[in-house]
Amino acid sequence: MRFRFLFIGFISINKHTIMNDKVRVRMAPSPTGLLHIGSLRTALYDFLIARKNSGTFVLRIEDTDQNRLVPGAIENIIQTLSDFSLTPDEGFVMEDGKIKEVGQFGPYLQSKRLEIYSRYAKELLTKKKAYYCFCTPQRLDELRKQQEAQKLPPRYDKFCLKLSGEEVQAKLAAGESAVIRLNVEPGHMVAFDDLVFGRIEISTSEIDDQILIKSDGFPTYPMAVVIDDHLMEITHITRGDEFISSTPKHILLYEAFGWEIPKFVHFPPVLSKTTKKKLSKREGDVSVQSFLDKGYLKPAILNFLAFLGWSPKSEQEIFSLLELVQEFSIDRLHKAGAIFDLDKLDWFNSTYIRNLKIEELFALTLHYLTEAGFETEKYPKAFLEQILSLEQSRLTKLSEIGERVAYFFRQPEYDASLLIWKKSEPQTIQANLLKLSEYLKTGDASETAIKQFIEERQLKTGEVLWPLRAALSGLTASPGPFEIMETFLILPNGREIILQRLDQALQKITGMI
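Using the working numbering, the letters of the sequence shown correspond one by one to residues -11 to 501.
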């Protein structure tokens, strides 16, 4: 299907444009799995458009494809939007931990609106804007093969449009399987002005007689979405740009019913960094829940998603949800696809983690520490909070905390070579650690005191502090030795732990000599 894009600015739609000042947008996901991260971006943009214009954000569930429904998916969608503070004004909402359906245009579940779709399908049949099709899958498959052989675009050949009324009624009475198709008249131009992509035109000669009602009585997506959007008084149709190709079909339906056409806002696609194609569920775990499980913060995810296809007027990058509402505008949406860059998401997340109060970080990471096998209930809260404060600036994701702080809860395992500072001799490191161990049995373990210890004995700082840090953490990179010791000393047996670590280090380095 070929489109002609005319980027001539953001002009009004056409004579059918809805002039209602009250902005109404909707999100209409299909419950085929956990909410996709790209769908959360759509919800965010819908929410921002509604709030910026003092409008209404509607959540409608499109469950007409019954074969792909996943149990619990509807609940996940509603709960996720609530968790991210993108609460709809109408449709399905979460109130007091319970799912409720609110609003005057319900039901908001498509499978409960079948009578509505059937009624409007009959209206199109009466107007001769649609017709019954009884073609079998075998005939349609043969037709497709013939068109491919002749290098023609695959489309229905209007065979059943030639049936008389009597023939149609006879087939229906006989119980023959039938669908209802839109009767598209060739030779006309369908044009609309998208608020992001500008003017788009396509000839009806390139549009197939799409199925409106399937043989099982369920509507197809175009039929249901147009009827629902009209009846729910949606003013701005917001969705991904992959739906641009189907928009002319929707406009034909609006015109067939004689309805006003809403404004269209097609969001740029979210692209995989690897394939540069639309981010899909087949490329890995891209559900919103998977990002939460990995320890990404909700505000960081929203901030990151906002920039996937939109940019503010300023150089500011960190935005609260309220600030996004104030800053957001449709005319700042991009046409080009946005790369889903995990490195950028990590940057946003680490920035938000650094800005957490230590009490907030403690509450958010406690279950990760528990999952790592650490019996946190046995330790003072002050000890746990001090551990978190050491790692807070180093964290990219909350889920990293268990691996990073394991040495505080169990004896570290490491190779003896880690204790050697640059080109120092093992005997020198051994001697220094032995002196330090003897001193720490009774001496002051503060930073000032240990630096004085080093200076009085004319030792090299690196040959003391490097092996001390390595002995305490067992890591090539960790907080400094004074910070680690200060944390251990919060515990009643903290000095004993420090001496045990030094003793372990002495045993390891003795084995090297």
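Where a beta carbon is used, it is the ideal one built from N, C-alpha and C, also for glycine.
{"Check": "Sufficient close CB pairs (3 or more, under 8 Å) joining the region 91 to 108 to the region 205 to 224", "Outcome": "yes"}
{"Check": "Run of the beta strand (DSSP E) containing aspartate 334, from where it starts to where it stops", "Outcome": "No beta strand (DSSP E) contains aspartate 334, which is instead part of the alpha helix (DSSP H) from 330 to 342."}
{"Check": "Ordered list of beta strand (DSSP E) runs contained in the region 260 to 301, each at least 3 residues", "Outcome": "none"}
{"Check": "Rounded straight-line distance, which links the Cα of alanine 244 to that of leucine 502", "Outcome": "Look at the range of the chain in this structure, -11 to 501, and you will see that residue 502 is not part of it."}
{"Check": "Length of the line joining the Cα atoms of phenylalanine 180 and asparagine 171", "Outcome": "20 Å"}
{"Check": "Neighbour-count burial assignment, glutamine 418, 16 or more Cβ in a 10 Å radius", "Outcome": "buried"}
{"Check": "Option in Leu406, Leu372, Leu349 and Gln67 with minimal Cα separation from leucine 383", "Outcome": "Leu349"}
{"Check": "Residue range of the unbroken alpha helix (DSSP H) whose run includes alanine 459", "Outcome": "450 to 461"}
{"Check": "Residues near arginine 132 by beta carbon distance below 6 Å, same chain, minus five either side", "Outcome": "Pro142"}
{"Check": "Length of the line joining the Cα atoms of leucine 312 and alanine 458", "Outcome": "45 Å"}
{"Check": "Residue burial classification, methionine 220 (beta-carbon count within 10 angstroms, cutoff 16)", "Outcome": "buried"}
{"Check": "Distance CB(glutamate 78)-CB(glycine 60) smaller than 8 Å", "Outcome": "no"}
{"Check": "Whole-angstrom distance between leucine 330 and lysine 286, CA atom to CA atom", "Outcome": "15 Å"}
{"Check": "Residues near valine 274 in its chain [Cβ-Cβ closer than 7 Å; skip 5 each side]", "Outcome": "His24, Ile25 and Leu267"}
{"Check": "Phenylalanine 316 in three-state terms, based on DSSP", "Outcome": "coil"}
{"Check": "Terminal residues of the beta strand (DSSP E) in which serine 191 lies", "Outcome": "186 to 191"}
{"Check": "Pairwise C-alpha distance: phenylalanine 336 and glutamine 29", "Outcome": "The question names glutamine, but residue 29 in the sequence shown is arginine. Arginine 29 and phenylalanine 336: Cα-Cα distance of roughly 16 Å."}
{"Check": "Segment contact flag, the region 407 to 417 with the region 464 to 478, C-beta cutoff 8 Å, min 3 pairs", "Outcome": "no"}
{"Check": "Distance between beta carbons of phenylalanine 255 and isoleucine 225, contact taken as under 8 Å", "Outcome": "That belief does not hold up - the Cβ atoms of isoleucine 225 and phenylalanine 255 are roughly 11 Å apart, past 8 Å."}
{"Check": "Glycine 175 versus proline 236: straight-line alpha-carbon distance, rounded", "Outcome": "14 Å"}
{"Check": "Straight-line Cα distance separating alanine 288 from serine 317", "Outcome": "20 Å"}
{"Check": "Minimum length 4: unbroken alpha helix (DSSP H) runs contained in the region 79 to 142", "Outcome": "102 to 114 and 125 to 137"}
{"Check": "Any chain D beta carbon closer than 8 Å to histidine 254", "Outcome": "In the displayed structure, chain D is absent; only one protein chain is listed."}
{"Check": "Contacting residues, own chain, Cβ-Cβ under 6 Å from asparagine 8 (five flanking each side not counted)", "Outcome": "In this prediction, asparagine 8 scores a pLDDT of 46, lower than 50, which makes its location untrustworthy; the coordinate-derived value is nonetheless stated afterwards. The residues are Thr223."}
{"Check": "Cα-Cα separation, leucine 444 to serine 405", "Outcome": "The sequence given here places glutamate at residue 444; leucine does not occur at that position. Rounded to the nearest angstrom, the two C-alpha atoms are 27 Å apart."}
{"Check": "Beta carbon of alanine 16 nearer than 8 Å to that of leucine 74", "Outcome": "no"}
{"Check": "Run of the beta strand (DSSP E) containing valine 46, from where it starts to where it stops", "Outcome": "44 to 47"}
{"Check": "Where aspartate 182 sits in the DSSP three-state scheme", "Outcome": "strand"}
{"Check": "Extent of the continuous beta strand (DSSP E) to which lysine 251 belongs", "Outcome": "251 to 255"}
{"Check": "Leucine 293 versus serine 425: straight-line alpha-carbon distance, rounded", "Outcome": "52 Å"}
{"Check": "Boundaries (first-last residue) of the beta strand (DSSP E) holding glycine 228", "Outcome": "224 to 228"}
{"Check": "Residue burial classification, arginine -10 (beta-carbon count within 10 angstroms, cutoff 16)", "Outcome": "With a pLDDT of 43 at arginine -10, under the threshold of 50, the predicted position of this residue should be treated as unreliable, though the coordinate-derived value follows. Exposed is the call here."}
{"Check": "Residues sharing a beta bridge with proline 210, DSSP", "Outcome": "Partner(s): none; proline 210 has no beta bridge."}
{"Check": "DSSP-derived helix/strand/coil call for arginine 169", "Outcome": "strand"}
{"Check": "Exposure of threonine 263, with buried meaning 16 or more beta-carbon neighbours within 10 Å", "Outcome": "exposed"}
{"Check": "Collapsed DSSP secondary structure at isoleucine 306 in the structure displayed", "Outcome": "coil"}
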